[in-house]
Amino acid sequence: MPFLSDTLARVKPSSTIAMTNKAAELKAQGRDIIGLSAGEPDFDTPANIAEAGRRAIAEGKTRYTAVDGIPELKRAICTKFKRDNDLDYAPSEVSVGTGGKQVLYNALMATLNPGDEVIIPAPYWVSYPDMVLLAGGTPVTVACGIETGYKLTSESLEAAITPNTKWLLFNSPSNPTGAGYSHDELKALTDVLLRHDHVWVMTDDMYEHLAFGDFRFTTPAQVEPGLKDRTLTVNGVSKAYAMTGWRIGYAAGPEPLIRAMAKLQSQSTSNPCSVSQWAAVEALNGPQDFIAPNNAVFQRRRDLVVAGLNAAPGVTCPVPDGAFYVYPDISGCIGKTSAGGTVIADDEAFATALLEEEGVAVVFGAAFGLSPNFRVSYATSDAALEEACARIRRFCEGLR
Ligand SMILES: Cc1ncc(COP(=O)(O)O)c(C=O)c1O
Numbered sequence: 091m092p093f094l095s096d097t098l099a100r101v102k103p104s105s106t107i108a109m110t111n112k113a114a115e116l117k118a119q120g121r122d123i124i125g126l127s128a129g130e131p132d133f134d135t136p137a138n139i140a141e142a143g144r145r146a147i148a149e150g151k152t153r154y155t156a157v158d159g160i161p162e163l164k165r166a167i168c169t170k171f172k173r174d175n176d177l178d179y180a181p182s183e184v185s186v187g188t189g190g191k192q193v194l195y196n197a198l199m200a201t202l203n204p205g206d207e208v209i210i211p212a213p214y215w216v217s218y219p220d221m222v223l224l225a226g227g228t229p230v231t232v233a234c235g236i237e238t239g240y241k242l243t244s245e246s247l248e249a250a251i252t253p254n255t256k257w258l259l260f261n262s263p264s265n266p267t268g269a270g271y272s273h274d275e276l277k278a279l280t281d282v283l284l285r286h287d288h289v290w291v292m293t294d295d296m297y298e299h300l301a302f303g304d305f306r307f308t309t310p311a312q313v314e315p316g317l318k319d320r321t322l323t324v325n326g327v328s329k330a331y332a333m334t335g336w337r338i339g340y341a342a343g344p345e346p347l348i349r350a351m352a353k354l355q356s357q358s359t360s361n362p363c364s365v366s367q368w369a370a371v372e373a374l375n376g377p378q379d380f381i382a383p384n385n386a387v388f389q390r391r392r393d394l395v396v397a398g399l400n401a402a403p404g405v406t407c408p409v410p411d412g413a414f415y416v417y418p419d420i421s422g423c424i425g426k427t428s429a430g431g432t433v434i435a436d437d438e439a440f441a442t443a444l445l446e447e448e449g450v451a452v453v454f455g456a457a458f459g460l461s462p463n464f465r466v467s468y469a470t471s472d473a474a475l476e477e478a479c480a481r482i483r484r485f486c487e488g489l490r
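Following the working numbering, the numbering of the sequence shown begins with 91 at its first residue and continues without gaps.
Structure (structure tokens):
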């Protein structure tokens, strides 16, 4: 009898975490490594939010709380949905978990039965298919190439829906591409979903506040109120408020689903960290004025990286709408041999050779379900990004 479960055998560890660990290992050995693989802002948590956490400790708010969030945080989340998205939710329609990741996982665990399908546009956030598999469902990935801006179209959504489809799970602005769906693009998708009333939509709005230029963020329940009663809107404080380590994510949706998610959480982790919940109250209720200057920094870095990568032979890098990632296509590099003698058979070979020969850590596209590409996280200093782009250019110029 095997000791480890069959469920575990169906999934793989996160490639982004694996790449980040590998880069850290090489760095510890004294190598000069530029890490572009981690998906977190390089800013500190704003001072007022950190102070709210310290205050919570000083005031003894250090005990168990309600399983899926303190009432103060649920109210702050309802206010946020009204303010930012014009969505009316009651606290009983809100669930708070240990990061957006747990909230997504809870929702899938609470709803999927064997045979249930979840449509996931690719490239996707690395965890989606594995979470679906852990929950006993079947991920149905739909390739969304550079020609559609890495976005799902109404035609490909329609074609992917079967009687077994339970969810469409998608993310805008996207990790790993930075692509954001406009109001009209979302409307085209919600129009399809309106015709299939057995399909729910789980929208991962984690990068809502990281939106650049003319791009205006919007979310399915806002675009199509007729879908609200089968939409789970997932969000969190990790990215917008530089709070990745605090581990607070949340979702709003129909009450029976929210209750089911809380039931699951009550038998796994119980409440998210009490101190972090108080910090998240301050994040959502407090001043939002640092978001715009942070975005200006990210937009500048985006432009720097897009220009730097497009100057590398064989690399085509579209301009993303948001988040802090770019996802260049490297079709022009495949089949060549690097200066260090590695045959670039696929994007994994590209990323491995780039790390070994030039000390730049990126994540290969296969991890996100669309190749040949790689993902750069540009949440790091301009100097590091300039140096990394120069190294990537040299690496590509060395390909024969
Ligand atoms: C698209 C997407 N969704 C969800 C998450 C999870 O966020 P959290 O750190 O709040 O669990 C991430 C984090 O990288 C992400 O990129």
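Even glycine gets a Cβ: it sits at the ideal position worked out from N, Cα and C.
How long is the line joining the alpha carbons of residue i and residue j, rounded to whole angstroms?
i	j	result
Val-466	Leu-322	29 Å
Val-453	Leu-444	10 Å
Gly-239	Asn-261	14 Å
Glu-248	Ser-272	19 Å
Ala-341	Ala-197	9 Å
Glu-162	Tyr-154	15 Å
Ala-480	Gly-398	7 Å
Asp-295	Thr-309	7 Å
Gly-150	Gly-143	11 Å
His-288	Arg-484	51 Å
Ala-386	Ser-360	38 Å
Val-208	Leu-283	13 Å
Thr-152	Ala-146	7 Å
Gly-449	Glu-130	20 Å
Pro-253	Lys-102	28 Å
Ala-156	Gly-120	46 Å
Arg-173	Glu-447	48 Å
Arg-306	Leu-242	18 Å
Asn-384	Arg-320	33 Å
Pro-315	Asp-411	24 Å
Cβ of residue i within 7 Å of any heavy atom in ligand 1?
i	result
Asn-265	yes
Met-109	no
Gly-190	yes
Asn-261	yes
Ser-104	no
Gly-339	yes
Gly-326	yes
Gly-268	no
Gly-129	yes
Trp-215	yes
Met-292	no
Met-199	no
Met-221	no
Thr-334	yes
Met-296	yes
Residue j and residue i - do their beta-carbons sit closer together than 8 Å?
i	j	result
Gly-125	Ala-451	yes
Ser-366	Ile-338	yes
Val-291	Leu-258	yes
Ala-301	Gly-343	no
Gly-189	Ser-328	yes
Thr-432	Ala-441	no
Asp-304	Arg-391	no
Asn-463	Asp-436	no
Gly-455	Pro-213	yes
Ser-127	Thr-106	yes
Ile-123	Ala-373	no
Gly-404	Gly-425	no
Ala-330	Glu-298	yes
Gly-268	Leu-460	no
So residue i and residue j are in contact, right, with Cβ under 8 Å, and what is the actual spacing, rounded?
i	j	result
Phe-458	Pro-266	5 Å
Pro-418	Thr-406	6 Å
Thr-293	Val-324	7 Å
Gly-159	Val-193	10 Å between Cβ atoms; not a contact.
Taking only heavy atoms of ligand 3 into account, decide whether any of them is closer than 7 Å to the Cβ of residue i.
i	result
Met-351	Of the ligands this structure carries, namely ligand 1, none is ligand 3.
Tell me the start and end of each unbroken alpha helix (DSSP H) in the region 262 to 318 that is at least 4 residues and wholly inside, in chain order.
273 to 284, 310 to 313
Of all the alpha helix (DSSP H) runs that stay within the bounds of the region 130 to 175, which reach a length of 4 or more residues?
137 to 148, 161 to 175
Ordered list of alpha helix (DSSP H) runs contained in the region 174 to 247, each at least 4 residues
189 to 201, 217 to 224
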